[in-house]
Every structure is written in structure tokens, then in C-alpha cells.
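Visitor:
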Amino acid sequence: MSAPPAPARFGDEALPHLDLLYRVALRLTGDPAAAEDLVQDTMLKALRAWGSFRPGSNARAWLVTILRNQFINTWRKRTRRPTAIDLEAIPELGDEDNPDPEGQFFASLVDDEVTRALDALPEEFRDVVLLSDLEGLPYQEVAEALEIPIGTVKSRLFRARRILQGQLRRYAVETGIIRPQEEAQ
Amino acid sequence: MTERETGYDCEKAGAELDAFVRGELPLEAAGRMQAHLVRCGHCAQVARHEQAFRDRLRRLSAGCCPDHLKAQIVELLETATGPDAAT
Ligand SMILES: [Zn+2]
């Protein structure tokens, strides 16, 4: 049995992740003031739970887990979420009729469009994309943070990316970033 | 060893592509993937597509924890655990 981590180590382990925690909180709540409160609550909660942290395990994933649970348990009730998209209605990106196979149009999309598509994903898909693609956490840490198997992380990511790509491509066609005549080849 | 000998084909490459784009493939597997991408225009195109998508998503990750919040939290930790905690 290893000794519980010294309280003094908490700051060393937790403070370097404040930027990430804030960004995730902001993405979850959609509101800067709420994000600040959520980060504070998370740090307090993490400090109280510090004795159960296993030294040498991943503090970043541990903190994200606490933040997300905190959000689900208290904040989400107060936050209005946009209606999730109907997954079956989204045409997935097919290889055959793709006018921009290298995805150059992605770079032309403005943040609002990408954010809207991301926020419309069902939560379990949105969260893996948020941690994995936006924040660059490796599979293993995403699995720890969301408390799901790594295989589930990969399959959700795969599905989420296809849905998002289909959604964004449709948007690119609608707004003329991808030209209709190319679309209709 | 050639791809024919190792049985490394588009299907196997496709299964590892996401990990490759994330830089999560072990060195040996990444080398195998790179060799495949040089030879296979289809997979190379898919790889560029996935990379472009990931690059776009990563650009959404912006912003820092505001300084005043950092200060509040440091202070909070000091109060809770003594001055050593937040150093
Ligand atoms: Zn191939």
C-alpha cells in the first residue's frame, strides 16, 4: 500500500491543468461565468478527494472526470442544451460522391459553424471529440476521464467524426464553400 | 518485408489511421503506415482528409483560465491546505 498523497502535492498536480479545465468547462456550460464556478467547484471537490488519488496515475484525466461529474450532477440541470440532432438523418460522408476528398473545406469553416455541429452531437459523442480532438488527450486519458473502455472511446470517436464531417460538409455545400456542380459530378 | 508478405493492406491501414493522425501509433506501426501512404494514393488522401478535420477541430480549442480565477484558486488552496499547497 502506498501512502496517501501529501496535501501539498495537490497544487503541483492540479494547477497546471487549469487552462484545460477552464476550456472544457466553458465548452460544457457555454457560459464564462458558469465555467468559472464549475472550475472552482471542481478544484474544491478534487482537493477534498485528493486522498483517493493514486500517486503516479493521471491527474489530468482525474480532474476532468471530477469536472464532468460535477457538471452532470449540478450544472446541467440549469443549462439549456440545444436539441440533439437526429443521427439517422445525417448523411455520412461517402467516398464516392465527395467533391473535396482531402477536406480542404474544413479550413474555410468559421468557428460558429463547427461549434454548432459539435454542440448538436449527443453528449457521449461530443465529449470524446472535445477531449480527444479539441484538447488532444490520448485515447487512454479520454477513457479514464469519461470512465469508459478505450475501445468505446475509439468507436465513439469514429462515429462522431463521421457524423460531424457529414454535417460540416453539408454546411459547406449549402454555403457554397463546396460548389454544387462539383457536388453533382 | 513487403506489404504482400506482411499482409498490411488498406483495411489494416484504415483501422490504424485515426491513431496515426493522432500520433498515437507505436513507432514501428507508424513506419509501416508511412510506407503504405507513400504507395497508396487512396489511403494518403483519407489521411489528409482526417488531418484537415482534426486541425480544424483543434483550432476550436482556445483560451486560458482567466488570471483572476487562477488567483482565486491558488488562494483557495492556500487557505485549505496551508501555504505550501499551491506552490
Ligand atoms: Zn491503402
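Residue numbers (my numbering), protein chains in the order written: chain E, 13 to 197; chain S, 25 to 111.
Here a beta-carbon is modelled for each residue, glycine too, at the ideal position from N, C-alpha and C.
1. Please identify, using Cβ separations under 9 Å, the residues of the segment 88 to 100 of chain S that lie next to chain E, in order along the chain.
2. In three-state DSSP terms, what is F65 of chain E?
3. Could you please tell me which residues of the segment 38 to 59 of chain S, in chain order, have their CB closer than 8 Å to any CB of chain E?
4. For ligand 1, is there a heavy atom less than 7 Å away from the beta-carbon of A37 of chain S?
5. Note down, in chain order, each residue of its chain lying with its Cβ closer than 8 Å to the Cβ of F22 of chain E, except the 5 sequence neighbours on either side.
6. With a threshold of 8 Å on Cβ separation, who are the neighbours of E74 of chain S within its own chain once the five nearest residues in sequence on each side are excluded?
7. Suppose the cutoff is 8 Å on Cβ atoms and the five residues either side in sequence are ignored; what does the same chain contact list for V1 of chain E look like?
8. Run the CB neighbour count on S120 of chain E, radius 10 Å, all protein chains shown included, and call it buried at 16 or more, exposed below.
9. With 8 Å as the threshold, decide whether the Cβ of L84 of chain S is near any Cβ in chain E.
10. Could you name the residues of chain E that R78 of chain S contacts, counting a contact when the two beta carbons are closer than 8 Å?
11. Which residues of chain E have a Cβ atom closer than 9 Å to the Cβ of R63 of chain S, listed in chain order?
12. Use the C-beta contact count for D112 of chain E: other C-beta atoms within 10 angstroms, 16 or more gives buried, fewer gives exposed.
13. Alpha helix (DSSP H) containing E135 of chain E: first to last residue?
Guide: By the coordinates alone:
1. C88, C89, P90, H92, L93, K94, Q96, I97, V98, L100
2. coil
3. D42, A43, R46, E48
4. yes
5. A58, L59, W62
6. L41, D42, V45
7. An answer regarding residue 1 of chain E cannot be provided, because it is not within the stretch 13 to 197 covered by chain E.
8. exposed
9. yes
10. D145
11. Under the 9 Å cutoff, chain E gives no residues; its nearest Cβ is about 18 Å from R63 of chain S.
12. buried
13. 135 to 141
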